[in-house]
Each structure stands twice: as structure tokens, then as C-alpha cells.
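Student: If you want our numbering, it's the position in the sequence shown, counting the first as 1, plus 94. My structure is below; once you've seen it, I'll send some questions.
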Amino acid sequence: MIDDEADRRALPGNGLPAERVLAEVRALRGGDRPTHGGRLFAYVYDPAVPGLDELAATAYAGSAHVNGLDPTAFPSLLAMENALVGAAARLLGGGPGRAAPDVVGSVTSGGTESLILAVKAARDAHPEIEAPRIVVPASAHAAFAKAAHYLRVAVDTVPVSALTLRPAAADVAAAIGPETVLVACSAPSYAHGVVDPVAEIAGAAAAAGVRCHVDACFGGWTLPYLRRLGADVPPFDFAVAGVTSISVDLHKYAYAPKGVSVLLHRDPALRAPQYFAYADWPGYTMVNPVIASTRSGGPIAAAYATLRHLGDDGYLRLAAATRDAVAGLADAVRAVDGLRLMAEPESTVVCFTATDPGLDLFALVDELAARGWHTQPQLSYADLPPSVHLTVTAAVAPRVAEFGPDLADAVAATRAAGPVTLPAELLALATTLTPDALTPDLVAGLAAGLGLTGPTPAGAAGPAGSADAAGPGGSPPGRMAVVNTLLDAAPPALRERLLVEFVGLLQRPTW
Ligand SMILES: Cc1ncc(COP(=O)(O)O)c(C=O)c1O
């Protein structure tokens, strides 16, 4: 379809007909993981509602060129943003007549931006604290570490129990010091899908006069519906007095296209330090509630259309389908000798590990991928073993019956093949090398040896740690187990450096 070298360029000498360009994009998309079909357990959130994609795309297109930079110039965007914030707030205990009547918020581009801004608001509320710190459970999303890194805030990490996968509230309380500006917790955590003891943690934060952010990016849209369906969901939202801010991603379980999260604050004073305003230059006066300045209206309009179309009853139905799918998948895991659930599912995650050393989880992930199931491997961390993560969405429900037999089959094949063994020199590298000792030559050699670089790197957008992105650089799916085994053997600092180097090798311009 792309017939000569010059035509591969994003900027060809002569412009191409629209149909041809669209055909190219479709062809490129053909190499991606399937975003529909209920067999991809990470990255995408699929309600399997007919017509929803088209509706969201139409709404997106109609507002794609609208600029959120100035809410007075484009009142449509302001209206839709305020409506989204109101909907999220109502779901999470805010609004007139509720626990937090004065809740305000902003629409951001995603969970990471919401968390960065929650940390920024907390930091900037205390200009007198010279070296601000945040207290974060080890299970909290990596975006808190990113926020701290970007904002030069120190992180006090509280360990989680290997049994409950939650931090002890007493440990969180003990970690709060005079320089703490924010305490964070998850509802639920991404890795294992468990809800932290929010009430106790928020109580400890409030007693110390410190803000408490509940990261409900992942499951904040689903937990209220699961509760309405009868699940025993502990208090986690603004009904908990000490909770000062909550993030919830609409591009996750609200099933909106990518690029929309909501950051809520209990009152306007808490939100104030989130803003950035600047009038000391010769151009337009600038006031930004979020990190981006120019903002497309596309994601906001698409999210608005999605919420209006699905409605409260739609989300309740989708939560019921998801709950049933989670139960079915968990049963399938329980039925396999040698696997164990990391936690009893309490949200929309199924996460399991191996109890049998002969059962190599990373190889199992590849075997599942070979059978069309794209799961997410999680490396070992502290005293937690490696595990396999499944983010379950409503689209999985009709597929559940097929999963059990394929899982059993994949486990049998994994056992028969035996654990992945790294060549001795690779294992030595992973365990003894310091990140600083990684030379470009060493990285290039490693990447080539692992099959991470090859003639067609365009297929490899995911990090090397995501074994579900089977076959980067044209390598066979089986090779990802080797990559993950190598990463798993390395300490986190070396893992990080290897990931940066590997992905850097993939991100090269096409000329
Ligand atoms: C609990 C939690 N917080 C934050 C994030 C980051 O969200 P995003 O990828 O939209 O930046 C995620 C993403 O999975 C998440 O699960």
C-alpha cells in the first residue's frame, strides 16, 4: 500500500488524496492490539456498545479545533467541562445537598496530569515549606513518582502488606511529617485493584492538617456503581471527611476516548494553587487551570457525548457486566493448579501469580498472547512476586467462557516448555550492572540480542516491560518472556534505565 520509500514520509513531496491517506492509517492500525473484542486486558476500556465509537468520534471532530485556552471565547467547551466536573463530583459525594457541596474541579488530559496537578496544588499551598514531601503507598500509581520528580517534591513511600496489598493506615500516619504537603491513597490501585483504607488514611492526614488525595483515576467511575449493585465498597470519596481531592479518569471506566480525566477539590480554596496565571509579558494574559495551555475541545466533547449517551442506567448495566466478567475470570484462575489470585477481586481487576516455580508467568503471558489474550505482566517488587494483571471491561463479558480452557491450555504449554532461562552473561549483567555503566553499545547489543530492534520497529509502541505488546521489532511473541525475565532480575534503577534505552531505540525518526 505504501509503495515507495519517499511515500513513507509524513510530509510527501506532493499531497496525497484523502482516501489514500486514510487507507494508510487503517493499514498501520492493523498492526495494533485489538481495541475491541474483549481480549485485551490493558490500555483500552471497551464497553462494547454499538455506535458509541461513532458518536464519540463525531462529537470529537466537531470540537477538535476549539481551543480551551480561553473559556470566554469558546463557551461550549466551558459548559461541557463544567458538566463533566459536575457529573464526576455527584458520583463521588459532591454537589448540592451532599457531603461536599462546594466541590470544584478541572478536566485534564489524563490521570497522570490530574495527579501532577493534585501534587502541585498541595505543594503551592505551602510556599513556606522549603523541601515539600508527599506520603504515598508503594501500591500507588507511578504517576505520583513522576509528579514528585517533575515538581521537585520528595516521596515517602509506605510499604504495602504482601497479604492485603494495602498500606497500614498507622504506617501512613507515622510517615507524615512537618514537611508533608499531601498524603495519597488509591481507590482502587491499578496493579491489584484493591481499595486502600481511605477513611483511616484521610483521618490521619486531617489530624495532621495535611491534604489527602484519593487516586480514583482507575476505578472511581465504577466503584459507585458496584456499590449500588450490592458490592461491599468501603468509603473512599468525599463522604470521607479528610478527603480533599479526588481524581477520576473518564477515558477509563467512563468509556470516553483518550484524553480526559477529572481532578476534583473539596472546595475552591483547595483548588486555587492549581492554577497558573501570567500577565508579565507583552502577549495575551494567560490563566491555565491545567498543564496544557492550548487544549483541544475534542476529548471534552467526546466525553460529554459518551456520558450523555450511556447515562446512569447504562453505566450501571456496564458495571454489572464487568462484575460478572471479573467473577468468571477469577473462577477460571482458581480452577488452575499452580496459579493463585493476588487478591480476591473487589473492583475490576483480576491479578494472579504462580504458586509453582515450574510455571513461568512471563512465558504464560506469551502463551496467552499466542491464543489471542493480551494480558499485562507485572514484575516482582519488594516482597511481591511477579504477577499477571487483567483490567476487565464490559466487553470481556461475552468472552469469559472461552478464557478458562485457553488459560488451562496455556498453562500446560508453559509447564511443558519449562521456565525461561537467561544466558548466564545476561543474568550477570542484570544483577551486577549499575545504570551508569550501561554504554550505548551495551544497550544496542542487548536490544538486538533480545529482538527488540529490527527492521520494523513501528509496531512497538509499548514499553519493553509490557509483554502483551508481543513481537516488537518483528520478534516472535515468545521473546517477550526473555525481556521480562531480564528486567525482573534487575533492580528497579536498572530496569528504568533499560526501559528508557530500549524505548529510545524504538523512537527514531523515519526519514
Ligand atoms: C490508579 C491510576 N492512577 C493514575 C493513572 C494514570 O493515568 P493515565 O495513564 O491516564 O495518565 C492510572 C492509569 O492506569 C491509574 O490506574
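Ideal Cβ positions, reconstructed from N, Cα and C, are used throughout, including at glycine.
(1) What do you reckon, is the C-beta of ALA237 under 7 Å from a heavy atom of ligand 1?
(2) Are three or more beta carbon pairs between the segment 366-380 and the segment 235-253 nearer than 8 Å?
(3) State the Cα-Cα distance for the pair ALA112 and VAL119, rounded to the nearest angstrom.
(4) With H, G and I counted as helix, E and B as strand and the rest as coil, what does DSSP make of MET436?
(5) DSSP state of HIS483, grouped into three classes?
(6) Assuming ALA448 is part of the alpha helix (DSSP H), what are its boundary residues?
(7) Please confirm whether any heavy atom of ligand 1 lies closer than 7 Å to the CB of PHE135.
(8) Would you call the CB atoms of SER200 and VAL384 closer than 8 Å?
(9) Quick check on the DSSP output: what are the complete alpha helix (DSSP H) runs of length 4 or more inside the segment 364-420, in order along the chain?
(10) How would you label ALA506, buried or exposed, when you count the other beta carbons within 10 angstroms and need 16 or more for buried?
(11) At a cut-off of 7 Å, is GLY209 close to ligand 1 when judged by its beta-carbon and the heavy atoms of the ligand?
(12) What are the start and end residues of each continuous beta strand (DSSP E) run of 3 or more residues lying completely inside the segment 242-294, in chain order?
(13) If you scan the segment 321-350 from start to end, which runs of the beta strand (DSSP E) of 3 or more residues do you find wholly inside it?
(14) Tell me which residues share the same chain as TYR73 and place their Cβ nearer than 7 Å to its Cβ, disregarding the 5 neighbours each side in the sequence.
(15) Between ALA310 and ILE270, is the Cβ-Cβ spacing less than 8 Å?
(16) Quick check: the Cα distance between LEU209 and TYR244, rounded to an integer number of angstroms?
(17) Given 7 Å as the limit, tell me if SER280 has its C-beta closer than that to any heavy atom belonging to ligand 1.
(18) With a cut-off of 8 Å on the beta carbons, I'd call CYS61 and ALA296 a contact; round off their distance for me.
(19) Please list, in chain order, all residues of the same chain as ALA104 whose beta carbon is under 7 Å from its beta carbon, the five residues on each side excluded.
(20) Taking 7 Å as the cut-off, is the CB of GLY392 close to at least one heavy atom of ligand 3?
(21) Given TYR284, which residues of its chain have a CB within under 6 Å of its CB, disregarding the five upstream and five downstream residues?
(22) Can you tell me the Cα-Cα spacing of ALA531 and GLY422, whole angstroms?
(23) Using the Cβ count rule (16 or more neighbours within 10 Å means buried), how would you classify PRO534?
(24) If you draw a straight line from the C-alpha of PRO169 to the C-alpha of ALA153, how long is it?
(25) Please classify TYR372 as buried or exposed, where buried requires at least 16 neighbouring CB atoms within 10 angstroms.
(26) From THR166 to LEU540, what does the alpha carbon distance come to, in whole angstroms?
(27) Below 8 Å, how does it come out for the segment 387-403 and the segment 169-178: are there three or more Cβ pairs, yes or no?
(28) What residues in its chain sit with their C-beta under 6 Å from that of SER481, if we drop five residues either side in the sequence?
(29) Hey, out of THR251, LEU211, HIS345, THR274, whose CA is closest to ALA225's CA?
(30) Look at the alpha carbon of ALA150 and the alpha carbon of PRO351, and state the distance between them as a whole number of angstroms.
(31) So, at 8 Å on beta carbons, what are the nonlocal neighbours of HIS220 in its own chain, with the 5 sequence-adjacent residues on each side left out?
(32) With DSSP collapsed to three states, give me the class of THR526.
(33) Contact defined as beta carbons within less than 8 Å: I believe ALA489 pairs with ALA142. What is the distance between those atoms, to the nearest angstrom?
(34) Apart from the five residues on each side of it in sequence, which residues of its chain come closer than 6 Å, Cβ to Cβ, to VAL594?
(35) Within a Cβ cutoff of 7 Å, which residues of the same chain sit near PRO128, ignoring the five residues on either side of it in sequence?
(36) Just grab the DSSP bridge partners of ASP309 for me.
Tutor: The answer reads as follows:
(1) At a cut-off of 7 Å, the beta-carbon of ALA237 counts as near ligand 1: some heavy atom of the ligand is closer than that.
(2) In this structure the segment 366-380 does not touch the segment 235-253; the number of beta carbon pairs closer than 8 Å is below three.
(3) Computed Cα separation, rounded: 11 Å.
(4) DSSP places MET436 in the coil class of the three-state scheme, outside both helix and strand.
(5) The three-state reading of DSSP puts HIS483 in strand, counting E and B together.
(6) From DSSP, ALA448 is part of no alpha helix (DSSP H) but of the beta strand (DSSP E) over 443-448.
(7) Not so, every heavy atom of ligand 1 lies at least 7 Å from the Cβ.
(8) A distance below 8 Å separates the beta carbons of SER200 and VAL384.
(9) Fully enclosed alpha helix (DSSP H) runs of 4 or longer: not present.
(10) Around the C-beta of ALA506, fewer than 16 other C-beta atoms lie within 10 Å, and the residue is accordingly described as exposed.
(11) It is Leu, not Gly, that sits at residue 209 in the sequence shown. If you check the C-beta of LEU209 against ligand 1, you find a heavy atom less than 7 Å away.
(12) The segment 242-294 contains these whole beta strand (DSSP E) runs: 248-252, 274-280.
(13) Annotation: the segment 321-350 contains the following complete segments of the beta strand (DSSP E) (minimum length 3 residues), in chain order: 339-343.
(14) The displayed coordinates of the chain run from 95 to 605. Any statement about residue 73 would go beyond what the structure contains.
(15) Against a cut-off of 8 Å, the Cβ pair of ILE270 and ALA310 comes out as no contact.
(16) Each residue's Cα considered, the two are about 11 Å apart.
(17) For SER280, the shortest separation between its Cβ and any heavy atom of ligand 1 lies below 7 Å.
(18) In the structure as shown, the chain begins at 95 and stops at 605. Residue 61 is therefore absent and cannot be evaluated.
(19) Excluding five sequence positions before and after ALA104, none of the CB atoms of its chain fall closer than 7 Å to its own CB.
(20) Among the ligands modelled here, namely ligand 1, ligand 3 does not occur.
(21) Take TYR284, set aside five residues on each side of it, and the residues of its chain with a beta-carbon closer than 6 Å to its own are HIS235, PHE312, in chain order.
(22) Here the alpha carbon of ALA531 sits roughly 47 Å from the alpha carbon of GLY422.
(23) With fewer than 16 other Cβ atoms within 10 Å, it is exposed.
(24) Rounded to whole angstroms, PRO169 to ALA153 spans 16 Å at the Cα level.
(25) Looking at its Cβ environment, which holds fewer than 16 other Cβ atoms inside 10 Å, TYR372 is exposed.
(26) If you draw a straight line from the Cα of THR166 to the Cα of LEU540, it is about 53 Å long.
(27) These segments touch.
(28) So the qualifying residues of the chain are MET436, CYS445, THR447, GLN472.
(29) Ranked by how close their Cα comes to the Cα of ALA225, the residues THR251, LEU211, HIS345, THR274 have THR274 in first place.
(30) In a straight line, the C-alpha of ALA150 is about 7 Å away from that of PRO351.
(31) Take HIS220, set aside five residues on each side of it, and the residues of its chain with a beta-carbon closer than 8 Å to its own are PRO226, VAL275, in chain order.
(32) For THR526, the three-state secondary structure derived from DSSP is helix.
(33) Confirmed, about 4 Å.
(34) No residues qualify anywhere along the chain.
(35) Within the same chain, PRO128 has close Cβ partners LEU134.
(36) Residue pairing for ASP309: DSSP places it in a beta bridge opposite SER280, SER341.
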